[in-house]
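Here UniProt numbering is used: the first residue of the sequence shown is 1, the next is one more, and so on.
Down below is the structure, laid out as structure tokens.
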Amino acid sequence: MRMVIFGLTVTSSWGNGHATLWRGLIRALGRLGWSVSFFERNTPYYAGARDLDHLDGGNVVLYPEWEDIRHVAEQAIGESDVVIVTSYCPDAVEASRLAQQACRGLKVFYDLDTPVTLARIEQGLRPAYYGPDGLHDFDLALSYTGGTAIDALKTLLGARRVLPLYGHVDPDRHRPAQPRAEFAGDLSYLGTYAADRQAGVEKLLVRTAARLPDRRFVIGGAQYPHEFPWGENIFFVRHLPPADHPAFFCSSRLTLNVTREAMAKRGWCPSGRLFEAAACGAAIVSDTWPGLSSFFQPGSEIILADSTDDVVAAVGLPDSEVDAIRRRARERVLDEHTSAQRARELDRLLSDSLPGLGQGLAAGEPLKEAI
Numbered sequence: 001m002r003m004v005i006f007g008l009t010v011t012s013s014w015g016n017g018h019a020t021l022w023r024g025l026i027r028a029l030g031r032l033g034w035s036v037s038f039f040e041r042n043t044p045y046y047a048g049a050r051d052l053d054h055l056d057g058g059n060v061v062l063y064p065e066w067e068d069i070r071h072v073a074e075q076a077i078g079e080s081d082v083v084i085v086t087s088y089c090p091d092a093v094e095a096s097r098l099a100q101q102a103c104r105g106l107k108v109f110y111d112l113d114t115p116v117t118l119a120r121i122e123q124g125l126r127p128a129y130y131g132p133d134g135l136h137d138f139d140l141a142l143s144y145t146g147g148t149a150i151d152a153l154k155t156l157l158g159a160r161r162v163l164p165l166y167g168h169v170d171p172d173r174h175r176p177a178q179p180r181a182e183f184a185g186d187l188s189y190l191g192t193y194a195a196d197r198q199a200g201v202e203k204l205l206v207r208t209a210a211r212l213p214d215r216r217f218v219i220g221g222a223q224y225p226h227e228f229p230w231g232e233n234i235f236f237v238r239h240l241p242p243a244d245h246p247a248f249f250c251s252s253r254l255t256l257n258v259t260r261e262a263m264a265k266r267g268w269c270p271s272g273r274l275f276e277a278a279a280c281g282a283a284i285v286s287d288t289w290p291g292l293s294s295f296f297q298p299g300s301e302i303i304l305a306d307s308t309d310d311v312v313a314a315v316g317l318p319d320s321e322v323d324a325i326r327r328r329a330r331e332r333v334l335d336e337h338t339s340a341q342r343a344r345e346l347d348r349l350l351s352d353s354l355p356g357l358g359q360g361l362a363a364g365e366p367l368k369e370a371i
């Protein structure tokens, strides 16, 4: 079975959550018999922070501009069983148009940023990755977000069929690791800086640090401005490649999850980072949002915090309780939220959407224009 994906990036995890998700999913799809080609525009932003040189389960086609790759893309689409175009792909509109023209299989749009998409449309701003016809001409739309977002994609973008495909984690890549002194802390937070997440970070970490001056707090991530309110007991680790994430999560007693404003408001949108932290055996303190209890059981598998007081109380929990939460969260993720499970789910969704998928389509080897 052949799949072609036109996405933002799979080669660099710098400042985005797409790359690690695709790596785990494509690896798992490969084990199910899928041959995947991922088309990625070779932007300087990601080229300068590339942390992948081989894609397990597939191959990457890097290109400078759309016109340079259009003919190759058309050939790949014509030979594919499934074409997936994603949110924030810089050439999403062109790839969508080409898919409508050349694809003989299933045409899918996967919005990995549904809350942002819907928030912009509701403000009268159409995201650049959607053309004038929205989702109308796609056979299937996948949403990173469930709940009310499913009907909203139908109403606002004309999707005919929408199904959720949530985040996940590859437990072969994210698993318990040896702690490292430079990441040690009582509470850690790993995330790219975002203005709409800043209020939550300040409330749940910065103010907690001020209240507990004898405790150590660690922030890891990219794009943090100089004016960030660092405290004397808050230590910063610049952007970490995925290979260092397990050690980061395992080096602190607790780790914090702060959800972007649009995601928290919409709900039913667990970040991949939540599953990654739990798979590494971290005890998670998280802000709250609708639907969270469908992914982790509050108080048993995750600690919920609405205020600074809640985080201060979490830091003061006995080790036995923290260890129990850590253990139960990891068990839940391994049971329900791995990349292999999402790949099987996607394989089933695609098969149900197009019975006889792949029959009569061209056979052969995938494209060899790898990075």
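Ideal Cβ positions, reconstructed from N, Cα and C, are used throughout, including at glycine.
Contact check between the segment 248-267 and the segment 162-169: fewer than three CB pairs, one atom from each, fall below 8 Å, which does not count as touching. Here Asp81 is buried, its C-beta having at least 16 other C-beta atoms within 10 Å. Annotation: Gln341 to Leu334 spans about 9 Å, alpha carbon to alpha carbon. Under DSSP, Asp111 forms a beta bridge with Ser143. DSSP, read as helix, strand or coil, puts Arg161 in coil. Counting only the Cα atoms, Gly131 lies some 44 Å from Ile234. Note on the segment 242-329: whole beta strand (DSSP E) runs with a minimum of 3 residues are 252-257, 284-286, in chain order.
Taking a C-beta distance under 8 Å as the contact criterion, Ile303 and Ala314 qualify as a contact pair. The Cβ-Cβ distance between Leu112 and His174 does not fall below 8 Å.
The straight-line gap separating the alpha-carbon atoms of Val83 and Lys265 is approximately 31 Å. When the beta-carbon positions are compared, Trp34 and Met3 come within less than 8 Å of each other.
Going by C-alpha positions, Val311 is about 11 Å away from Ile284. Non-local beta-carbon contacts of Leu29 in its own chain, meaning distances under 8 Å to residues more than five positions away in sequence, involve Met3, Val36, Gly57, Gly58, Ala343, Leu346, Asp347 in chain order.
Contact between the segment 260-275 and the segment 101-115 is present: 3 or more CB-CB pairs across the two stretches fall below 8 Å. In the displayed model, Ser339 falls within a helix according to three-state DSSP. Ranking Trp268, Leu317, Phe38, Gly221 by CA distance to the CA of Gly291 puts Trp268 first. Relative to Leu118, the option among His136, Asp137, Ser143 whose CA is nearest is Ser143. Taking 8 Å as the cut-off, the beta carbon of Ala128 is found no closer than this to the beta carbon of Phe6.
Per the C-alpha coordinates, the member of Ala49, Ala102, Asp51 positioned closest to Gln75 is Ala102.
When the five nearest sequence neighbours on each side are left out, the beta carbons in the same chain lying within less than 7 Å of the beta carbon of Tyr46 are those of Thr9, Thr11, Ser12, Trp14, in order along the chain. Spanning the alpha carbons of Asp352 and Leu140 requires a straight line of approximately 11 Å. Counting along the chain, Arg180 sits inside no beta strand (DSSP E), nor does DSSP assign it H or E at all.
Residue burial is scored here from C-beta neighbours: Leu62 has at least 16 other C-beta atoms within 10 angstroms and is therefore classed as buried. Collapsing the DSSP output to three states places Arg2 in a strand. Under the 10 Å beta carbon count, Gly48 is surrounded by fewer than 16 other beta carbons and is classified as exposed. Counting the other Cβ atoms within 10 Å of the Cβ of Gly185 gives 16 or more, which makes it buried. Secondary structure note for Ser96: it is in no beta strand (DSSP E), and the uninterrupted alpha helix (DSSP H) holding it is 92-102.
Val201 has no beta-bridge partner at all, per DSSP.
Residue state for Leu106 is assigned as strand, using DSSP reduced to three classes. A residue is called buried once 16 or more other Cβ atoms fall within 10 Å of its Cβ, and His337 is buried on that count. Around the beta carbon of Asp287, 16 or more other beta carbons sit within 10 angstroms, so the residue counts as buried. By the C-beta criterion, the segment 179-194 is judged to be in contact with the segment 223-242, since at least 3 inter-stretch pairs fall below 8 Å.
Looking only at Thr145, Leu125, Ala152, Tyr224, the smallest Cα-Cα distance to Leu135 is reached by Ala152. Annotation for Ala177: Pro246, Ala247, Cys250 place their beta carbon closer than 6 Å to its own, counting only its chain and skipping 5 residues before and after.
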